[in-house]
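For the sequence shown, the working numbering begins at 37 and goes up steadily by one.
In what follows, a single structure is set out as structure tokens and then discussed.
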Amino acid sequence: MIEKLQIKKLFNEEKQSLFNDQSLLKDSFKFCMQYSLLVEDFIRRILFNKKIDFAVASAGSFSRRELSPHSDIDLMFICRDVIGNEEIINECITDLWDCGLEVSHTVRDFSDIMRFLTDDLHSFTQFFETRIICGDDGVYNDWNNLITTSLKPEDKKNLLLEFFADTNLRHAKYGESSKVLEPNIKFTAGGLRDLQAVEWMYALKNGIIFSNQNEITQTEAFVDVIKKNKTVNIKSAARIIHSYKFILNVRNHLHLISPSKSDRLEFSAQEKIANRLEYSHDGWHEFMKDYFYAASILKRFAKTMILRFEEEISKPISDYLAIELDDDFVMKENKISLTNPNAEIDLAKVLRVFYYRAIKDAVFDENLRSKIIDLSVISQEELKPENVSSTFFRELLRLPKNVGKTISMMNELGVISAFLTEFKELVGFFQPGVYHCYTADEHTIIALSNLEKLKEENSRMGKIFYEIDRRDLLYLGVLFHDIAKPISVSGHEIIGAEIASSIMERLGYEQEEINLVRFLVRHHLTMEQVAFRRNLNDPITLDQFAANVPSVEALDMLYLLTFADLSAVSPVVWTQWKSDLLFELYRKTKMMLEDRVTGEQLIYADTLEVINERVKEAGENIRQHLEAFDDLTYLQQFSEEEINAHVEEIANGEDTSVFFKEEKEFTNITVITEDNESVLARLCGALSINDLNIHDARIFTRKDGLIIDNFNVSDFRTNKKVDKEKYDKIREDIIASINNQLSINKEFKRVKSKWWRLEDKFFSRKGTIKINFEKHQKYTIIDIFSPDRLGLLYQITRKFFELGISIYFAKISTKGDDVVDSFYVLTQTGRKISPNNFELIKKELTEAIEQMI
């Protein structure tokens with residue numbers, strides 16, 4: 037036992053010495069090789085005196101000699117017959133663990149080869165990736181020979197098909213894009229497994245065991261083979277090796293900063309690794325751009341090789357079935373290839389063949405795809421894209437279908453950046469945050485695809501999209517909407533409008549067309565900002581928005597662009613509530629433009645008509661109730677049935693009444709009570725301590741001081757409607773808080789520990805606070821940008837109360853872990869806030885919010 041402890045101590049010391057060797061860590065292949073050799077050496081030492089007639093082999097990344105610090109140390113015990121070897125194998129495992137080598141192991145005999153060949157793809161794959169460490173060489177050699185000779189052509193084909201399906205399933209689970217912001221660096225598209233899977237397919241198809249060499253990692257051996265047989269050229273091989281080494285290096289450092297095995301590259305880890313890799317102080321984004329570039333190389337290589345394998349196992353198509361597209365390109369079935377496979381291509385031909393790809397709904401063969409990829413890496417200066425005709429690109433955008441997926445493939449192969457040099461900086465650019473899922477270029481492509489999908493929908497957006505004549509201009513608006521973000525996120529819509537104009541002039545568009553796209557880019561944030569932050573029953577807000585919209589056509593496009601932008605950010609961002617708000621703004625603005633009316637004429641004409649109709653038919657109590665409101669939008673907020681219920685409750689003399697109603701996505705809560713200076717803060721507090729997320733607040737005050745406050749809320753834990761079983765508890769807390777029978781501050785302290793656990797789960801970063809003031813004819817509008825936190829709205833409304841500020845309207849807009857709270861406010865004397873007090877209010881609010889985050 038003493039000897040085992042000494043071995044364990046020595047192993048840990050030597051391992052830690054490797055992990056601390058910063059010079060060695062700079063070369064991921066050398067580091068992984070040294071660590072793998074260290075583990076192999078200690079296994080031999082530990083098992084040296086064992087009398088065994090089986091082979092002890094490494095498997096997985098251990099066999100590849102690509103062990104990262106927390107990689108599994110996989111061993112395979114290969115026996116001619118397991119029976120009789122169980123005891124000695126168990127002894128081996130026990131000794132290894134006692135000496136500090138926490139190995140995982142499998143025991144295999146020769147019968148497993150045929151069994152797993154038909155039943156278990158993953159296990160059979162591992163058979164191709166073993167390396168003998170100690171034991172019987174004869175057993176190991178016979179094992180490998182049986183593997184390669186057992187595979188019949190039909191077996192290889194079936195296994196390759198399973199590999200194709202398995203790759204698709206993996207991408208579906210971990211991310212089909214190589215530009216996911218927090219990728220799994222092993223399993224997401226463009227991760228290490230993409231190259232490894234291609235290597236397994238190649239080994240399977242050609243009957244090669246790459247672990248027969250000892251000097252280099254298995255990846256290097258594989259790339260050497262495909263370079264020598266000209267499957268890839270020298271430059272491509274260098275890009276593949278560089279990209280794989282880079283991502284492997286990221287994995288090594290990720291493991292070193294993590295207490296256990298972790299392959300998800302979260303934002304917090306990205307910053308740490310960027311520092312470890314000696315990027316500049318603000319080099320996080322540069323580091324991730326390098327990561328996304330490397331991942332895109334591996335993804336493209338994997339897809340190209342899979343396409344090659346598919347072609348090789350498919351039946352050849354007769355040349356008699358070929359369709360000549362032009363002198364340069366031919367199509368067989370749905371696959372486009374060069375008429376002369378050895379012909380060179382240029383950017384003009386590439387744009388032309390992408391147009392063919394779109395109209396034919398076709399794909400490229402492996403040879404053409406490889407040539408396009410090679411072309412895309414040539415410098416933009418050499419390509420001189422300004423001299424390339426834009427005709428086919430412009431015509432592609434006018435096609436009735438396949439625009440989105442064609443532009444996506446152009447981006448994947450690097451063609452968009454080659455043709456539109458301004459797009460290049462967008463590739464790999466990202467904004468960290470929970471609600472962002474993709475890099476800016478990938479977000480743009482997804483937005484374009486989401487937009488095109490509307491054509492297939494029988495929805496109001498689908499109908500609007502169907503009626504648009506110049507969809508190509510709308511597509512350009514989407515393509516350019518974020519193009520200036522790498523220059524400056526703040527104001528990118530202004531700079532982007534100028535860039536879009538410049539590009540379209542170069543592409544030969546008319547000034548009228550340029551102006552429309554310029555408008556879309558300049559205002560692509562405006563519609564969501566108004567819809568989600570402003571009172572859409574405020575005539576002034578409607579007038580200001582409509583004044584920026586030149587035509588109904590422009591409004592239609594802006595509405596759809598706003599949807600496309602939001603829907604492509606993250607699945608959690610586009611909600612039914614936001615859809616309804618956006619449509620409400622669209623509908624009202626369209627009526628104003630078509631009927632040439634003001635916001636006041638639109639809102640109050642309809643409202644007064646409703647009032648007159650209801651007053652005629654209503655009893656005296658309802659008539660008096662309606663006439664007691666200065667804010668006539670009360671009638672638009674509540675149905676006739678709800679208003680009748682309000683009047684009935686008020687007549688009953690209840691001090692406080694609480695109503696619950698289920699909406700599409702939220703639970704709507706209405707509270708009727710006497711007004712006082714702190715009532716809104718108390719209500720927000722009572723809702724918050726019940727784990728409710730407040731999305732919208734409307735405040736209606738009668739002339740006699742009675743208030744009717746209305747909230748849209750959801751359960752923070754589930755992000756769904758509130759369970760009806762909680763209604764009674766919520767009602768009790770609301771009434772108690774209004775009657776000063778519940779100390780909200782005390783309750784906050786009581787639930788704080790619970791919230792900390794929730795916030796650790798749902799909120800990932802501290803973020804920044806920004807407070808803006810906007811002029812309005814009647815109110816002061818205050819926009820508060822902050823990381824979201826439970827109880828945030830209570831903290832803000834309480835601070836408003838302390839500052840003597842009255843809230844007349846509030847709207848809360850969330851994006852993942854960010855929130856924008858917008859308030860229409862006045863002083864307690866009914867006046868707008870003096871600009872002289874803005875800095876004091878900003879300071880007080882900021883300090884209050886900082887206590888939460």
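We put the CB at the ideal spot given by N, CA and C, even for glycine.
So is residue i buried or exposed if we call it buried at 16+ other beta carbons inside 10 Å?
i	result
N776	exposed
E417	Confidence is the limiting factor: at E417 the pLDDT is only 48, short of 50, which leaves the residue's position unreliable, though a coordinate-based value still follows. Classification for E417: exposed.
E165	buried
A583	exposed
V525	exposed
I119	exposed
V463	buried
C288	The sequence given here places Asn at residue 288; Cys does not occur at that position. N288 comes out buried.
D318	exposed
K266	exposed
A208	exposed
Would you list the one or two residues that DSSP bridges to residue i?
i	result
R144	I114
E710	L742
K806	F821
G171	A91
F734	It is Arg, not Phe, that sits at residue 734 in the sequence shown. Bridge partners of R734: N746, F845.
L46	Paired residues: none, contrary to the question.
K811	T816
N729	S750
M367	I359, I372
L662	DSSP output for L662 lists no bridge partner at all.
F199	F199 pairs with nothing; no bridge assigned.
K756	D751
Between residue i and the rest of its own chain, which residues show a CB-CB distance below 6 Å, the 5 nearest in sequence each way excluded?
i	result
I452	M446, F459
I658	V683
R558	E529, A533
S603	N486, W610
L490	M497, G498, F501
For residue i, collect the residues of the same chain with a Cβ closer than 7 Å to its Cβ; drop the 5 residues on either side in sequence, then sort them by chain order.
i	result
D740	A664
V787	I725
V588	K626, L629, E630
L419	The predicted model places L419 with a pLDDT of 49, which falls under 50 and marks its position as unreliable; any figure quoted below should be read in that light. Taken in chain order, the residues that qualify are L383, A454.
Y176	A91, A93, I114, I168
Y391	F428, E431, L432
Give me the residue from the options with the minimum Cα distance to residue i.
i	options	result
H576	F859, Y176, Y815	The identity of residue 576 in the sequence shown is Ile, whereas the question assumes His. Of the listed residues, the one whose Cα sits closest to I576 is Y815.
K757	W613, R623, S675	W613
I414	F429, S426, I381	I381
P436	F501, V463, L456	F501
A95	F160, T130, V633, E620	F160
K62	I309, L484, E699, N376	I309
E636	T185, L572, R405, E701	L572
I743	I686, L778, E698	I686
V439	T457, K407, L484, F345	L484
T669	R734, G226, R312	R734
I353	S373, D363, T340, Y763	S373
M324	A305, A338, T340	A305
K297	S425, N269, H106, D202	H106
A358	T709, F65, K351, T375	T375
E218	T184, R312, A331, F200	A331
I244	K879, K335, T185, F465	T185
A379	C135, I408, D355, K371	I408
Would you say residue i faces chain B, with C-beta separation under 9 Å as the test?
i	result
A257	The structure shown contains no chain B, having only a single protein chain.
Note down, in chain order, each residue of its chain lying with its Cβ closer than 8 Å to the Cβ of residue i, except the 5 sequence neighbours on either side.
i	result
E549	R506, L509, M540
D172	I88, D89, F90, A91
I523	E461, I531
E886	I805
L591	V585, Y622, T625, K626, L629
Using a Cβ-based criterion (distance less than 8 Å to any ligand heavy atom), does residue i qualify as near the ligand GDP?
i	result
D172	As presented, the structure is devoid of all ligands, the ligand GDP included, so that no description of it is given.
**OP:** Could you tell me whether the region 279-298 touches the region 211-228, using the rule of 3 or more Cβ pairs below 8 Å?
**Re:** Three or more Cβ pairs closer than 8 Å define a contact, and the region 279-298 meets that threshold against the region 211-228.
Between the region 744-762 and the region 724-731, do at least 3 Cβ pairs fall closer than 8 Å? A contact exists between the region 744-762 and the region 724-731.
message: Would you call the region 532-551 in contact with the region 469-488, where contact means no fewer than 3 C-beta pairs closer than 8 Å?
response: Counting Cβ pairs under 8 Å, fewer than three are found: no touch.
For the region 242-254 and the region 57-75, state whether three or more C-beta atom pairs, one from each stretch, are separated by less than 8 Å. Flag = yes, the region 242-254 and the region 57-75 touch.
Three or more C-beta pairs under 8 Å: does that hold for the region 255-268 against the region 42-58? Contact between the region 255-268 and the region 42-58 is absent, because fewer than three Cβ pairs lie under 8 Å.
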